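Using my numbering, the final residue of the sequence shown is 279, and nothing's skipped along the way. Following: one structure in structure tokens, then a few remarks.
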Amino acid sequence: MSILRTENLSLVYGKGTPFEKKAVNNVNIDINGGEVVGIIGHTGSGKSSLVQMLNGLFKPSEGTVYFKGQDIFKNPKELREFRFDIGLVFQYPENQLFEETVAKDIAFGPKNMGLSDDEIAIRVKKAARFAGLKDELLDRSPFDLSGGEKRRAAIAGVIAMEPKVLILDEPTAGLDPVGKEVLLTQIEAYHKESGNTILLVSHNMEDIAKISDRVLVMNDSEAIMFDTPEAVFSQSDKLKEIGLRIPEITEITIKLKEAGVNLPSGILTVEEAFKELLKLINKGGASNA
């Protein structure tokens, strides 16, 4: 069932000036409740502008956003409430940490919602657990945390508002491989337990392939594909034309198939490739010839 839908959504920066630029052009997408949607596109393709309209941060030049069938821009007084339901974590969110302790930072959003102290305390603990933060970190200054811990603390601050839709704009950007893997694992665990909708903007095709139910491809302000990871990444030539790539393991398995190795199409992760190669080894043969 649809939870988030756009209708003829467009955004123009600097309209009527010499610097006018169309950031998003006539995007029509329908996102189901509980699914994970990966959003990819080269820099300047319109990804961040799109998700900031989905959250109500930017008002579209044309079209609208519907959350559970309601136009989020219809009544400006209600827009704040919609932002609690559609949580947005910006790229490098740790730069927005400012409170004395991690717990106070996580509690900032729930306080703005007017919740009781008891409810806030429960949400802080729950959000910290979702984000993979140990209890002993909650009383520390956020500025004493590692880079990965800061990122998870910032994400916990949005999770604490218990949004029905969680939008993450490049959540693993700038993290080392270990920090990246830990954060992605926490996002998967959060989705599995909460069942909420997640939109993940990323340049990392491996992350997108691993976690997404569907993938939205943006190019030159337009949505040019919106399909399963298998369907999207099978169009490697088209993706390369617009400056994107397919997951490296998918590229490798395609070359193996071309060399005669009997592998199925649509392999997107190392785990999938390992299982298929193991099957071939156990059968005692790998060649199509």
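Ideal placement from N, C-alpha and C gives every residue a C-beta, glycine not left out. Note that the structure is a prediction, hence the values are computed from the model and not measured.
Checklist entry - Relative to the alpha-carbon of Gly24, which residue among Leu135, Pro153 and Glu266 has its alpha-carbon at the smallest distance? => result Gly24 has its Cα closest to that of Pro153, out of Leu135, Pro153 and Glu266.
Next on the checklist: Considering only their Cβ atoms, is the gap separating Ile21 from Leu(-6) smaller than 9 Å?
Outcome noted: Cβ distance < 9 Å, so Leu(-6) and Ile21 count as in contact.
Item to check | Cβ contact (3+ pairs, closer than 8 Å) linking the segment 105 to 121 and the segment 187 to 202 | outcome: Three or more Cβ pairs closer than 8 Å define a contact, and the segment 105 to 121 falls short of that threshold against the segment 187 to 202.
Next on the checklist: Let's test the definition: count the other Cβ atoms within 10 Å of the Cβ of Ser35 and tell me whether it reaches 16, buried, or not, exposed.
Outcome noted: Flag for Ser35 reads buried.
Item to check | As assigned by DSSP and simplified to three states, the class of Gly19 | outcome: Correcting the residue type first, residue 19 is Ile in the shown sequence and not Gly. Look at Ile19 here: in three-state DSSP terms it is coil, with no helix or strand label.
Checklist entry - Using DSSP with H/G/I as helix, E/B as strand and the rest coil, what is Val41? => result In the structure shown, Val41 adopts helical secondary structure according to DSSP, grouped into three states.
Checklist entry - Got a sec? Which residues, its chain only, sit under 7 Å from Leu246 by beta carbon, not counting five neighbours each side? => result Excluding residues within five positions, the ones whose Cβ falls inside 7 Å are Leu253.
Checklist entry - If you draw a straight line from the alpha carbon of Pro83 to that of Ala144, how long is it in whole angstroms? => result In a straight line, the C-alpha of Pro83 is about 6 Å away from that of Ala144.
Next on the checklist: Do Ile257 and Ile239 have their beta-carbon atoms positioned less than 9 Å apart in this structure?
Outcome noted: Yes.
Checklist entry - Candidates Ile110, Thr187, Ser136 and Glu266: which alpha carbon is nearest Leu165's? => result Ranking Ile110, Thr187, Ser136 and Glu266 by Cα distance to Leu165 puts Ser136 first.
Checklist entry - How many Å lie between Gln42 and Val14 at the Cα? => result Roughly 11 Å separates the two Cα atoms.
Checklist entry - Do you know how far the Cα of His32 is from the Cα of Ile232? => result Rounded to the nearest whole angstrom, the CA to CA distance from Ile232 to His32 is 8 Å.
Item to check | Rounded straight-line distance, which links the Cα of Thr175 to that of Leu128 | outcome: If I take the Cα positions, the gap works out to 21 Å.
Next on the checklist: Using C-beta distances below 7 Å, list every residue in its chain close to Glu52, excluding the 5 sequence neighbours before and after it, in chain order.
Outcome noted: Closer than 7 Å at Cβ, skipping near neighbours: Asn(-2) and Ser0.
Checklist entry - What is the rounded straight-line gap between the Cα of Ile62 and the Cα of Val17? => result Here the alpha carbons of Val17 and Ile62 stand approximately 16 Å from one another.
Next on the checklist: Does Phe133 pass the burial test, meaning 16 or more other C-beta atoms within 10 Å, or should it be called exposed?
Outcome noted: Exposed, because fewer than 16 other Cβ atoms sit within 10 Å of the Cβ of Phe133.
Checklist entry - Since Ile201 contacts Gly28 with CB under 8 Å, what's their CB separation in whole angstroms? => result So it is a contact: roughly 7 Å between Cβ atoms.
Checklist entry - What is the C-beta distance between Val222 and Val205, in whole angstroms, given that I count them as a contact (C-beta under 8 Å)? => result Taking the Cβ atoms as the reference, Val222 lies roughly 4 Å from Val205, within the contact range of under 8 Å.
Next on the checklist: In this structure, how does DSSP classify Ala280 when only helix, strand and coil are distinguished?
Outcome noted: With the chain covering only -9 through 279, there is no way to say anything about residue 280.
Item to check | Residues near Phe9 in its chain [Cβ-Cβ closer than 6 Å; skip 5 each side] | outcome: Counting only residues of its own chain and dropping the five nearest sequence neighbours on each side, Phe9 has no CB closer than 6 Å to any other CB.
Item to check | Minimum length 4: unbroken alpha helix (DSSP H) runs contained in the segment 172 to 252 | outcome: Entirely contained in the segment 172 to 252, the alpha helix (DSSP H) runs reaching 4 residues are, in chain order, 195 to 201, 219 to 223, 226 to 231 and 238 to 248.
Next on the checklist: Can you tell me whether Arg130 is helix, strand or coil according to DSSP?
Outcome noted: Reduced to three states, the DSSP call for Arg130 is coil.
Item to check | Anticipated Cβ contact below 8 Å, Val26 with Asp75, distance rounded | outcome: For Val26 against Asp75, the beta-carbon gap comes to about 17 Å, at or over 8 Å, which does not count as contact.
Item to check | As assigned by DSSP and simplified to three states, the class of Phe57 | outcome: Three-state result, Phe57: strand.
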